[in-house]
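K.L.:
Numbering-wise (my numbering), the sequence shown opens with residue 2 and increments by one. The C-beta atom is built at its ideal place from N, Cα and C for all residues, glycine as well. A quick note: this is a predicted structure, and the numbers were derived from the prediction, not measured.
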Amino acid sequence: MRYAYRLLHPRPALVVVAKNEKTNAMALAWHMPVEESKVAIAVDRENYTYELIAKSKEFTLNVLSIDKLDLIWKVGTYSGREIDKIKEFGIELEEGVKIETPHIKGCLGYLECKVLDEIKLEEHSIFIAEIVHAWADKRYFKEVWLEKAKIAMHVGKKFFTTPSEYFKPSE
Ligand SMILES: Cc1cc2nc3c(=O)[nH]c(=O)nc-3n(C[C@H](O)[C@H](O)[C@H](O)COP(=O)(O)O)c2cc1C
Numbered sequence: 002m003r004y005a006y007r008l009l010h011p012r013p014a015l016v017v018v019a020k021n022e023k024t025n026a027m028a029l030a031w032h033m034p035v036e037e038s039k040v041a042i043a044v045d046r047e048n049y050t051y052e053l054i055a056k057s058k059e060f061t062l063n064v065l066s067i068d069k070l071d072l073i074w075k076v077g078t079y080s081g082r083e084i085d086k087i088k089e090f091g092i093e094l095e096e097g098v099k100i101e102t103p104h105i106k107g108c109l110g111y112l113e114c115k116v117l118d119e120i121k122l123e124e125h126s127i128f129i130a131e132i133v134h135a136w137a138d139k140r141y142f143k144e145v146w147l148e149k150a151k152i153a154m155h156v157g158k159k160f161f162t163t164p165s166e167y168f169k170p171s172e
């Protein structure tokens, strides 16, 4: 049972950026679209990111390519409570379009999200949010991610992958 959730991996290893008294970035694999204009993310309430989102009620979800894997790992293993991850890891940010929270410069795509609701589970909170602005690099996204986008996906533990081949049903 301990690894049951890993049956639902690999899944895109996103980076969530949150801003209140400080700007912070955290790796996030537990996310899902809910309706076309809404998204849900699960954040451990021990994480500094939780505190920031709970206060600001907004965040950005950033899709990165596999060549940013080291950055994804670092923001997923260090806490913004201990270090300034934006400064220490040289993360370049760009101003938000519809919200105060920035997104990561050079990402493949990002969503700007405003929190609508929070569901508290034992350790994690699920934030349900409205997508108020979205952008994707047209070289890599044409209605869907193109194979060449090589988005970073988390398999589990220290393993990551990218979508390598696309298939279509026969009908
Ligand atoms: C690939 C990957 C995916 C992760 N997914 C999540 C997630 O979905 N939810 C979560 O709360 N933590 C997740 N984590 C753990 C946080 O990123 C990690 O605890 C981070 O250090 C928290 O940083 P913070 O305290 O600055 O918010 C993930 C870590 C990695 C490496």
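From G81 to L65, what distance separates their C-alpha atoms?
P.N.:
Along the sequence shown, one-based indexing puts residue 81 at 80. Along the sequence shown, one-based indexing puts residue 65 at 64. The alpha-carbon atoms of G81 and L65 are separated by roughly 20 Å.
K.L.:
Can A30 and H134 be called in contact, C-beta distance under 7 Å?
P.N.:
Counted from its first residue, the sequence shown places residue 30 at position 29. Counted from its first residue, the sequence shown places residue 134 at position 133. No, they are not a contact pair.
K.L.:
Mind checking whether E113 and G97 have CB atoms under 7 Å apart?
P.N.:
Your numbering for residue 113 matches position 112 in the sequence shown. Your numbering for residue 97 matches position 96 in the sequence shown. Yes, they are a contact pair.
K.L.:
With distances taken Cα to Cα, identify the nearest neighbour of S165 among L147, S171, G91.
P.N.:
Within the sequence shown, residue 165 is the residue found at index 164, counting from 1. Residue L147 is the option with its Cα nearest to S165.
K.L.:
Can you give, in chain order, each stretch of the beta strand (DSSP E) that sits fully within the stretch 65-144 and has at least 3 residues?
P.N.:
Complete beta strand (DSSP E) runs here, min 3: 110-121, 125-137.
K.L.:
Taking the alpha carbon of A16 as the reference point, which residue from L72, A41, E101 has its own alpha carbon closest?
P.N.:
For the purposes of this step, residue 16 is identified with residue 15 of the sequence shown, where counting begins at 1. Residue identity differs from the one stated: residue 16 is Val in this sequence, not Ala. Minimum Cα distance to V16 is reached at L72.
K.L.:
Secondary structure at E148, three-state DSSP: helix, strand or coil?
P.N.:
If you number the sequence shown from 1, residue 148 lands on position 147. The answer is helix: DSSP assigns E148 an H, G or I state.
K.L.:
Determine which residues share a DSSP beta bridge with H155 and list them.
P.N.:
As a position in the sequence shown, residue 155 is number 154, starting the count at 1. Partner(s): R12, F161.
K.L.:
Which same chain residues, not among the five before or five after V35, have their C-beta less than 8 Å away from its C-beta?
P.N.:
For the purposes of this step, residue 35 is taken as residue 34 along the sequence shown, with counting starting at 1. Contacts found: A41, I129.
K.L.:
The alpha helix (DSSP H) with A55 in it runs from where to where?
P.N.:
Translated into the one-based positions of the sequence shown, residue 55 becomes position 54. 49-57 is the extent of the alpha helix (DSSP H) around A55.
K.L.:
In whole angstroms, give me the CA-to-CA distance for A14 and L8.
P.N.:
Position 13 of the sequence shown, counted from the first residue, corresponds to residue 14. Position 7 of the sequence shown, counted from the first residue, corresponds to residue 8. Roughly 15 Å between the two C-alpha positions.
K.L.:
Quick check: is any heavy atom of ligand 1 less than 6 Å from the C-beta of G157?
P.N.:
Numbered from its first residue, the sequence shown carries residue 157 at position 156. False, no ligand heavy atom lies under 6 Å from that Cβ.
K.L.:
Pull up the CB-CB distance for A137 and G110, whole angstroms please, since I reckon it's below 8 Å.
P.N.:
Position 136 of the sequence shown, counted from the start, is the residue given in the question as residue 137. Position 109 of the sequence shown, counted from the start, is the residue given in the question as residue 110. Right, their Cβ atoms sit about 3 Å apart.
K.L.:
Suppose you measure from the CA of G157 to the CA of H10; what does that come to, to the nearest Å?
P.N.:
Here residue 157 refers to the residue found at position 156 of the sequence shown. Here residue 10 refers to the residue found at position 9 of the sequence shown. Cα to Cα, G157 sits roughly 7 Å from H10.
K.L.:
Identify the continuous beta strand (DSSP E) that holds A28 and give its terminal residues.
P.N.:
Counting from one through the sequence shown, the residue named residue 28 turns up at place 27. Counting along the chain, the beta strand (DSSP E) containing A28 begins and ends at 24-29.
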